[in-house]
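One structure is given here, and the rest of the page talks about it.
Residue numbers (my numbering): 63 to 367.
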């Protein structure tokens, strides 16, 4: 059994198409298909449902691909460990982030890159929390920055980073913009643009509206925080954003950010890695950096206050 055969199987499971899997592995489609046939012969089980086109993995294939992901992740972790022992940490680390936290990730990746100049960091932003946890378990991510809620089980190790707070972002001409605070009930009566309901950040907002006895009825929804700022800038909309994003965009000219109260709520956000032994040297280094970096203090002051 060769590592390349396992890589081909994982790629096919991910791409769900022979040609795309072959392209992702930089081989021809016949070469990929033949390698998978030989893997089936060696394991003596069918891995792929074959027809005129790709029809999915067999039940045996679905189970084998989990082992393949684990073996390949352990191989990469071993190489990283050896490289770290020889010349310091090097390689690539993949970090997934929920949209509302992606603006805060720079407060973690900045010092990490300074401490490990041979490491390349890939940040995949705008991910849903459930996808981050799934990809951590499938070895597709090394770490995630997401909400530390009940769905983060004992299968993961966590490091709290900060408490996400919320501000009402609205045009400076609005009467609420002259206030030091605004209530969730008042916000619900504005022409709102919010994240889509598929995003966990939006579900958090809906829970807070419900706690205030109100219900938001946004006329515009998006999966992009940047799009929220763009729409508020037109003067026709208001929005609710996590305070961490004000450290990316600031409070743009002609807009105001007013803290929300009643309730004055916050939600914990933290670094999440898969709980496995031995721990990846990359994940361990990022976890150590998260424990020693005061992200909360960096985000504590809203620009423009």
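All residues carry an ideal CB built from backbone N, CA and C; glycine is no exception. All values reported here derive from a predicted model rather than from experimental measurement.
CB of residue i within 8 Å of CB of residue j, strictly
i: residue 253; j: residue 317; result: no
i: residue 209; j: residue 262; result: yes
i: residue 191; j: residue 144; result: no
i: residue 173; j: residue 351; result: yes
i: residue 218; j: residue 135; result: no
i: residue 86; j: residue 77; result: yes
i: residue 199; j: residue 292; result: no
i: residue 243; j: residue 181; result: no
Sequence-distant residues of its chain with Cβ nearer than 8 Å to residue i (five each side left out)
i: residue 74; result: 80, 83, 94, 98, 110, 116, 119
i: residue 184; result: 154, 155, 156, 157
i: residue 90; result: 84
i: residue 102; result: 108, 109, 110
i: residue 245; result: 274, 322, 323, 324
Whole-angstrom distance between residue j and residue i, CA atom to CA atom
i: residue 71; j: residue 130; result: 8 Å
i: residue 303; j: residue 276; result: 18 Å
i: residue 322; j: residue 112; result: 56 Å
i: residue 358; j: residue 223; result: 6 Å
i: residue 230; j: residue 251; result: 12 Å
i: residue 287; j: residue 312; result: 13 Å
i: residue 146; j: residue 334; result: 22 Å
i: residue 122; j: residue 100; result: 15 Å
i: residue 211; j: residue 327; result: 14 Å
i: residue 124; j: residue 139; result: 23 Å
i: residue 176; j: residue 309; result: 20 Å
i: residue 162; j: residue 106; result: 47 Å
i: residue 269; j: residue 240; result: 26 Å
i: residue 104; j: residue 63; result: 7 Å
i: residue 114; j: residue 92; result: 14 Å
i: residue 238; j: residue 355; result: 35 Å
i: residue 235; j: residue 285; result: 26 Å
i: residue 167; j: residue 126; result: 34 Å
i: residue 67; j: residue 128; result: 14 Å
i: residue 171; j: residue 297; result: 34 Å
i: residue 361; j: residue 329; result: 14 Å
Cβ-Cβ separation, residue j to residue i (assumed contact under 8 Å), whole Å
i: residue 226; j: residue 331; result: 5 Å
i: residue 299; j: residue 165; result: Between residue 165 and residue 299 the Cβ distance is about 20 Å, and since that is not below 8 Å, they are no contact.
i: residue 349; j: residue 221; result: 6 Å
i: residue 314; j: residue 295; result: 6 Å
i: residue 340; j: residue 273; result: So it is not a contact: roughly 43 Å between Cβ atoms.
i: residue 137; j: residue 65; result: 6 Å
i: residue 228; j: residue 169; result: Rounded, the Cβ-Cβ distance is 19 Å, inconsistent with contact.
i: residue 289; j: residue 151; result: Not confirmed; about 36 Å, so no contact.
Own chain, CB closer than 7 Å to residue i, minus 5 neighbours either side, in chain order
i: residue 158; result: 186, 189, 194, 197, 203, 206
i: residue 256; result: 264, 267, 278, 280, 283, 301, 302
i: residue 353; result: 221
i: residue 271; result: 246, 250, 277, 278
i: residue 69; result: 87, 134
i: residue 248; result: 238
Sequence-distant residues of the same chain with beta carbon closer than 6 Å to residue i, five excluded per side
i: residue 367; result: Note that residue 367 scores 48 on pLDDT, short of 50, meaning its location in the model is unreliable; the coordinates nonetheless yield the value given after this. None.
i: residue 142; result: 153, 343, 344
One or two residues paired with residue i in a DSSP bridge
i: residue 318; result: 232
i: residue 361; result: Per DSSP, none; premise fails for residue 361.
i: residue 330; result: 225
i: residue 180; result: 152
i: residue 255; result: 282
i: residue 206; result: 158, 334
i: residue 301; result: 231
i: residue 198; result: In DSSP, residue 198 forms no bridge with anything.
i: residue 323; result: 245
i: residue 185; result: 157
i: residue 116; result: 112
i: residue 220; result: 334
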